[in-house]
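At position 2 of the sequence shown the residue is numbered 2 (our numbering), and the sequence of numbers has no breaks.
Ideal placement from N, C-alpha and C gives every residue a C-beta, glycine not left out.
Values in this document were obtained by computation on a predicted structure and should not be read as measured data.
Remarks on the structure that follows.
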Amino acid sequence: DLHSFPTRRSSDLEPATDSYQLALISWLASRALTALCVYHSRVCDALLDQQIFSGAGNIIKNEVLYRIRLHPETLIKNIPSRKMTEIIKEARNYSFDFLKWKKHWLAHTKKVCQRCDLPLIKNISAKQNAGAFFVKNAR
Numbered sequence: 001d002l003h004s005f006p007t008r009r010s011s012d013l014e015p016a017t018d019s020y021q022l023a024l025i026s027w028l029a030s031r032a033l034t035a036l037c038v039y040h041s042r043v044c045d046a047l048l049d050q051q052i053f054s055g056a057g058n059i060i061k062n063e064v065l066y067r068i069r070l071h072p073e074t075l076i077k078n079i080p081s082r083k084m085t086e087i088i089k090e091a092r093n094y095s096f097d098f099l100k101w102k103k104h105w106l107a108h109t110k111k112v113c114q115r116c117d118l119p120l121i122k123n124i125s126a127k128q129n130a131g132a133f134f135v136k137n138a139r
């Protein structure tokens with residue numbers, strides 16, 4: 001359920017971080033879900049869209065998609081609603097993690113997948129000019 005996010009006090013946040021905007025308590029998951037449902041592109045582009053995920057960048061995009069096991073080039077229209085909710089929850093969760101500890105990445109800049117020991121492929125998106133890290137057989 002999108003309304004069951006754990007609450008955090010604004011005093012828990014570090015205002016000087018890049019992901020501060022995404023982690024704000026006023027960020028509404030239902031708005032993000034509505035925006036995603038009408039998005040006509042790839043999930044990697046949606047996660048970088050500042051109108052949906054304000055403050056999210058390439059690292060957050062890569063780590064969220066890795067955590068939920070979703071290929072970055074998956075079209076939004078092909079993602080089940082349960083997975084869409086997972087994208088939103090993990091984007092928020094990872095933002096808080098990112099505030100606490102930077103550079104404990106699972107996928108971003110890594111060469112090998114920690115789950116399956118297969119090579120992580122870096123693909124540069126022409127639209128966003130940003131790298132996406134994924135395992136070739138990721139779905």
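Q) Rounded to a whole number of angstroms, what is the C-alpha to C-alpha distance between ASN123 and CYS44? A) Between the C-alpha atoms of ASN123 and CYS44 there is a straight-line separation of about 11 Å.
- Task: Inspect the beta-carbon positions of ALA150 and LEU47 and report whether they are closer than 9 Å.
- Result: Residue 150 falls outside the range modelled here, since the chain spans only 1 to 139, and no answer is possible.
Measuring only the C-alpha atoms, how far is SER26 from GLN114?
With a pLDDT of 43 at SER26, under the threshold of 50, the modelled position of that residue is not reliable, and the figure given next carries that caveat. Answer to the nearest angstrom: the Cα atoms are 34 Å apart.
message: If you follow the alpha helix (DSSP H) that ASP97 is in, where does it begin and where does it stop?
response: 81-100
_Cutting at 7 Å between CB atoms, please list the residues of its own chain near PRO119, excluding the five before and the five after it._
LYS111 and VAL112
_Span of the alpha helix (DSSP H) around ARG42_ = Where ARG42 is concerned, there is no enclosing alpha helix (DSSP H), given that its DSSP letter is neither H nor E.
**Report entry** Backbone CA spacing between ARG82 and ILE60 [nearest angstrom]
**Finding:** Straight-line measurement puts the Cα of ILE60 at about 20 Å from the Cα of ARG82.
Closest to ILE52 by CA distance: which of VAL64, TYR39, ASN62 and GLU63 is it? TYR39
**OP:** List the DSSP bridge partners of LEU75.
**Re:** Partner(s): ARG42.
Per-residue burial, PRO72 [other beta carbons within 10 Å of its own, 16 or more giving buried]:
buried
* Name the one or two DSSP bridge partners that VAL64 has. => Beta-bridge pairing links VAL64 to no other residue.
Buried or exposed for LEU65, going by 16 or more other Cβ atoms inside 10 Å? buried
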